[in-house]
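J.: This structure is in C-alpha cells; I'll ask about it shortly.
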Amino acid sequence: MELIGIIITGIGVLFLVLGNFGILRLPDVYNRIQAGTKCTTFGTFFTIIGIGIIRPEWFWKCLLIAVFVLATNPISSHAIARASKKCGVPLCDRSVVDQSAEFEKEE
Amino acid sequence: MNEMIFIVFTGLVVGGILLSLIRMLIGPTASDRAVAVDTITTTTVALLVLLAFIFKRYVYIDVSLVYALLAFVGLCAIARYMERGF
C-alpha cells in the first residue's frame, strides 16, 4: 500500500516539475496557460491522492483538497486567458491558426 | 528510507517553483506574470501537503485548503482587473 502511494506521488511530482518547466520554456501566453493548467492540475491531484493513500486517516480531507483544485484551477486559468485576449496580448509568430479573430468579426 | 524519498520529492517541487519564479521576474506582459503566479500557487498546495507528511503535522492540510481557496479568489480578482480595469 505504501509503495503504491509512493509511486503515485512520484508521478504527480514529475508532472508538477514538467508543468513549471513548460511555464519557463514555451513561447506564448496561451501556450503557457495550457502547460501550467493541465500539468499542475494533474500533478497536484496525484500528489495529494498519493499522500492520502499512504496515510489512510488523512484520505478524506486530501480528497476534498484534490477535488477543489480540480474544480477551481480551470476556472481561474480560463478567466486569465479571456482577460489576456480581451486586452490584446498577441500570439507568437509561429502560430498557425487563430479562430477567435473570425469569431470576433461575426459579432 | 521513505523520508529520504519524500525529501527528494520536496526538493524537486521547490526547484519547479524556482523555474516559474524566473518566468514571473522576466515575463514580458502582465498576463505572463499572472499565469506564473497561478502555477506557483497550485504547486504550493501540493508542496504544503508534502510538508504535512514529512513533518507529521495534520494542521498543514487545513492550511493547504485555505491557501487553495484564497488563491482562487485572488486570481479571479486579478483576471477581472486585467479585463475591465477598475
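Just so you know, the sequences run in chain order A and B.
Under my numbering, the first residue of the first sequence is numbered 1, with each subsequent residue one higher.
Under my numbering, the first residue of the second sequence is numbered 1001, with each subsequent residue one higher.
By construction, the Cβ of each residue, glycine as well, lies at the ideal position given by its N, Cα and C atoms.
These figures come from a predicted structure and were not determined experimentally.
Please name the residues in the stretch 41–64 of chain A whose beta-carbon is closer than 8 Å to at least one beta-carbon of chain B, in chain order.
T.: Taking 8 Å as the Cβ-Cβ cut-off against chain B, the residues of the stretch 41–64 of chain A that qualify are Thr41, Gly43, Thr44, Thr47, Ile48, Ile51, Ile54, Arg55, Trp58, Lys61, Cys62 and Leu64.
J.: Would you please verify whether the beta carbon of Glu1083 of chain B is less than 9 Å from any beta carbon of chain A?
T.: Yes, its Cβ sits closer than 9 Å to a Cβ of chain A.
J.: Using a Cβ-Cβ cutoff of 7 Å, what residues of the stretch 15–40 of chain A are near chain B? List them in chain order.
T.: Result list: Leu16, Val17, Gly19, Asn20, Phe21, Ile23, Leu24, Val29, Arg32, Ile33, Gly36 and Thr40.
J.: Take every Cβ of the stretch 1052–1059 of chain B, pair it with every Cβ of the stretch 1069–1076 of chain B, and state whether three or more of those distances are shorter than 8 Å.
T.: The answer is no - the stretch 1069–1076 of chain B does not touch the stretch 1052–1059 of chain B, with fewer than three Cβ pairs under 8 Å.
J.: What three-state label does DSSP hand Cys92 of chain A in the structure shown?
T.: Note: Cys92 of chain A maps to coil in three-state DSSP.
J.: Establish whether the CB of Ala101 of chain A and some CB of chain B are separated by less than 9 Å.
T.: Output row for Ala101 of chain A: interface = no.
J.: Closer than 8 Å is the cut-off here; do at least three beta carbon pairs connect the stretch 1012–1030 of chain B with the stretch 19–32 of chain A?
T.: The answer is yes - the stretch 19–32 of chain A touches the stretch 1012–1030 of chain B, with three or more Cβ pairs under 8 Å.
J.: Which residues in the same chain as Ala1034 of chain B place their Cβ atom closer than 6 Å to its Cβ, once the five residues preceding and following it in sequence are excluded?
T.: Result list for Ala1034 of chain B: Ile1078, in chain order.
J.: Measure the Cβ-Cβ separation of Thr1039 of chain B and Gly10 of chain A and say whether it is below 9 Å.
T.: No, these two residues do not count as a Cβ contact at 9 Å.
J.: Using beta carbons (cut-off 9 Å, strictly below), is Cys92 of chain A in contact with chain B?
T.: Answer no: the Cβ-Cβ gap between Cys92 of chain A and chain B never drops below 9 Å.
J.: Are Ser84 of chain A and Ser1031 of chain B closer than 9 Å when you measure CB to CB?
T.: Yes, these two residues count as a Cβ contact at 9 Å.
J.: On the DSSP letters alone, give me the boundaries of the alpha helix (DSSP H) that Gly1027 of chain B sits inside.
T.: It is not in any alpha helix (DSSP H) - Gly1027 of chain B carries neither H nor E in the DSSP assignment.
J.: Given a threshold of 16 other Cβ atoms within 10 Å of its Cβ, counted over all protein chains shown, does Ser100 of chain A qualify as buried or as exposed?
T.: Looking at its Cβ environment, which holds fewer than 16 other Cβ atoms inside 10 Å, Ser100 of chain A is exposed.
J.: Measuring straight from C-alpha to C-alpha, what distance separates Ser76 of chain A and Ile6 of chain A?
T.: Their Cα atoms are separated by approximately 30 Å.
J.: So, with DSSP's three-state summary, where would you put Tyr1095 of chain B?
T.: The first residue shown for chain B is 1001 and the last is 1086, placing residue 1095 of chain B beyond what the model contains.
J.: Going by DSSP in three states, Cys87 of chain A sits in which element: helix, strand or coil?
T.: In this structure, Cys87 of chain A counts as coil in the three-state DSSP scheme.
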